[in-house]
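Here the protein sequences come in this chain order: A and B. Position 111, counted from 1, in the first sequence is what the numbering used here calls 112; the numbers after and before it change by one each time, with no gaps. Position 47, counted from 1, in the second sequence is what the numbering used here calls 48; the numbers after and before it change by one each time, with no gaps. We put the beta carbon where it would ideally sit given N, CA and C, even for glycine. Computed from a prediction, not measured in an experiment: that's the story for all the values here.
Protein chains: 2
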Amino acid sequence: MSQARSGAPGRRGRRPGAPDTRAAILGAARARFAEHGYARTSVRSIAADAGVDAALVHHYFGTKHDLFVAALELPIDPTGVIVPAVAGGIDGAAERLLTAFLGVWDDPELQPSLLGVVRGILEPEGSALIREGFLPAIILPIADALGLDQPERRMPFVASQIFGLIVGRYVLELEPLASLPAEDVVAAVAPTIQRYFEMPLP
Amino acid sequence: MSQARSGAPGRRGRRPGAPDTRAAILGAARARFAEHGYARTSVRSIAADAGVDAALVHHYFGTKHDLFVAALELPIDPTGVIVPAVAGGIDGAAERLLTAFLGVWDDPELQPSLLGVVRGILEPEGSALIREGFLPAIILPIADALGLDQPERRMPFVASQIFGLIVGRYVLELEPLASLPAEDVVAAVAPTIQRYFEMPLP
Chain A
2 MSQARSGAPG
12 RRGRRPGAPD
22 TRAAILGAAR
32 ARFAEHGYAR
42 TSVRSIAADA
52 GVDAALVHHY
62 FGTKHDLFVA
72 ALELPIDPTG
82 VIVPAVAGGI
92 DGAAERLLTA
102 FLGVWDDPEL
112 QPSLLGVVRG
122 ILEPEGSALI
132 REGFLPAIIL
142 PIADALGLDQ
152 PERRMPFVAS
162 QIFGLIVGRY
172 VLELEPLASL
182 PAEDVVAAVA
192 PTIQRYFEMP
202 LP
Chain B
2 MSQARSGAPG
12 RRGRRPGAPD
22 TRAAILGAAR
32 ARFAEHGYAR
42 TSVRSIAADA
52 GVDAALVHHY
62 FGTKHDLFVA
72 ALELPIDPTG
82 VIVPAVAGGI
92 DGAAERLLTA
102 FLGVWDDPEL
112 QPSLLGVVRG
122 ILEPEGSALI
132 REGFLPAIIL
142 PIADALGLDQ
152 PERRMPFVAS
162 QIFGLIVGRY
172 VLELEPLASL
182 PAEDVVAAVA
192 PTIQRYFEMP
202 LP
């Protein structure tokens, strides 16, 4: 993970030393989320680890969800893409989700940061962050929004096809997958995601 | 890529200094395959880059295909798994392929080496090796064996689901995907691969 948000305009604290404080909070958040998982981690425990007051964490980062997104160093909050994509219900949900998802990844301003995150998740701490955080905080809410049964068993299959698409199109740049128009990728891959949404589970 | 085959039992050359020669050949092979692709790389050009005779390359590594597998540092030759899996024809091909594939990946003796390869492919040289070599040398022959049309357009989708399965089950260890019996994973994912084998392409 290579991009730090601590220097982003408008996100600085007001007193000297604040960037160090922000970095300490993000470091504590990454370690907590990775070790204990998203659900079992409190903002209070992160604040204690960083040696600051919980109010300061909220002041800098907002909610626990916002802090998690900052800890993952994603350049955008994925729920902003996901929620509208699934708001239309189960029919066509995979197509809308994938269209929104490719719109973000195909954006040349966002792609370098996103690639940094992907490379980071193959490191052990990054893997734990995804396993303990990304799935419960970001992927499982898709299933909730769509009213799917057994989301914990179902959504890892969805995640597997999405990860594979990222690796093939953006990391390995396999042709012609890398340069196909987004709509052709959606046409080929959306039925996979839709089936994972709807397939019966044992 | 962390595993070197140069020290493997029974693979040593006969004279002092041979391990260095093997390493030089593998380094030259990786650079050539990554830069020029599998099809446009000759054993002779690799030998020249390594400052040895082509016959020595064949002596150490066998065919160009064998040398490519050695350069990827795969612990097994994947064609040994793939060819029997697709030999039964298109009906059920994805199920047989995925069963064979998971059999290899679930083998605790092979998995650490395979994970090393996966981590390596996210580095730029590794990405090029996969893009220029793995697809033409290993994935496209699956399409040929099955008689699929437009294999270059079709097989990257197959690769995307396979990569994603590797990342989800073995790298991120997303539960329950990581601990599901192989047959449950095959039941869920084989229809995806089978559809990619058979879907009409624009």
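Check                                                                                                                                                                                   : Outcome
Name, please, each residue of chain A whose Cβ falls closer than 8 Å to the Cβ of D185 (chain B).                                                                                       : P203
Would DSSP call E181 (chain B) helix, strand or coil?                                                                                                                                   : The displayed chain sequence assigns Leu, not Glu, to residue 181 (chain B). It is coil, neither helix nor strand.
From the DSSP output, in three-state form, read off R196 (chain B) for me.                                                                                                              : helix
Just to confirm, is the Cβ distance from E96 (chain B) to V159 (chain B) under 7 Å?                                                                                                     : no
Which of the three DSSP states, helix, strand or coil, is assigned to Q162 (chain B)?                                                                                                   : helix
So is G227 (chain A) in contact with chain B if we call contact Cβ pairs under 7 Å?                                                                                                     : Shown here, chain A extends from 2 to 203; a query on residue 227 (chain A) therefore has no answer.
DSSP on V53 (chain A), reduced to helix/strand/coil?                                                                                                                                    : coil
Between G14 (chain B) and the rest of its own chain, which residues show a CB-CB distance below 6 Å, the 5 nearest in sequence each way excluded?                                       : Low local confidence applies: a pLDDT of 42 at G14 (chain B) is under 50, so the model's placement there is unreliable, with the coordinate-based value given in what follows. There are no such residues.
Under 7 Å, Cβ to Cβ, is there at least one residue of chain B near A40 (chain A)?                                                                                                       : no
Let me confirm a value: G81 (chain B) is counted as buried when at least 16 other C-beta atoms fall within 10 Å, else exposed. Which label applies?                                     : exposed
Run through DSSP, which three-state label would T64 (chain B) get?                                                                                                                      : coil
Measuring alpha carbon to alpha carbon, tell me which residue in B:P203, B:I167 and B:L149 is nearest P182 (chain A).                                                                   : B:P203
Would you grab the beta carbon distance between P177 (chain B) and R154 (chain A) for me? Rounded to a whole angstrom, and I think it's under 8 Å.                                      : 6 Å
Considering T80 (chain A), what are the terminal residues of the alpha helix (DSSP H) in which it resides?                                                                              : T80 to V87
I need the DSSP call for I140 (chain A), collapsed to helix, strand or coil.                                                                                                            : helix
Between L68 (chain A) and V44 (chain A), which are expected to be in contact by the criterion C-beta below 8 Å, what is the C-beta distance as a whole number of angstroms?             : 7 Å
Tell me the residue span of the alpha helix (DSSP H) that contains R33 (chain A).                                                                                                       : A19 to H37
Taking all protein chains shown into account, decide if M156 (chain B) is buried (16 or more other Cβ within 10 angstroms of its Cβ) or exposed.                                        : buried
Near D145 (chain B), which residues of its chain fall below 8 Å by C-beta distance, leaving aside the five closest residues on each side in sequence?                                   : P152
For chain B, find out if any of its Cβ atoms is closer than 7 Å to the Cβ of A189 (chain A); answer yes or no.                                                                          : yes
Using beta carbons (cut-off 7 Å, strictly below), is G148 (chain A) in contact with chain B?                                                                                            : no
With a threshold of 8 Å, are at least 3 pairs of Cβ atoms found where one atom belongs to the segment 53-72 of chain A and the other to the segment 163-174 of chain A?                 : no
Strictly below 8 Å CB to CB, what residues from chain A border I128 (chain B)?                                                                                                          : Note on residue identity: the sequence assigns Ser, not Ile, to residue 128 (chain B). Per Cβ cutoff of 8 Å: V172, L173 and E174.
Using the Cβ count rule (16 or more neighbours within 10 Å means buried), how would you classify E110 (chain A)?                                                                        : exposed
So what's V119 (chain A) in DSSP terms, helix, strand or just coil?                                                                                                                     : helix
Which one of A:D54, A:G38 and A:E74 has the shortest CA to CA distance from L27 (chain A)?                                                                                              : A:E74
Check the Cβ-Cβ distances between R31 (chain A) and every residue of chain B, and say whether any is below 7 Å.                                                                         : no
For T64 (chain B), does the count of other Cβ atoms within 10 angstroms reach 16, so buried, or fall short, so exposed?                                                                 : exposed
Report the CB separation of Q112 (chain A) from Y197 (chain A) in whole angstroms; it is logged as a contact under 8 Å.                                                                 : At roughly 25 Å, the Cβ-Cβ gap does not stay under 8 Å, so Q112 (chain A) and Y197 (chain A) are not in contact.
Would you say I139 (chain A) lies against chain B (beta-carbon separation less than 7 Å)?                                                                                               : no
Going along chain B in order, which residues have a C-beta closer than 8 Å to the C-beta of Q162 (chain A)?                                                                             : S161, Q162, G165 and T193
Please report the Cβ distance between A35 (chain B) and L116 (chain B), rounded to the nearest whole angstrom; I am assuming they are in contact, meaning their Cβ atoms lie under 8 Å. : The Cβ separation is near 21 Å, so there is no contact.
Excluding the five sequence neighbours on either side, which residues of its own chain have a C-beta within less than 7 Å of the C-beta of V118 (chain B), listed in chain order?       : M2, L73, E74 and L75
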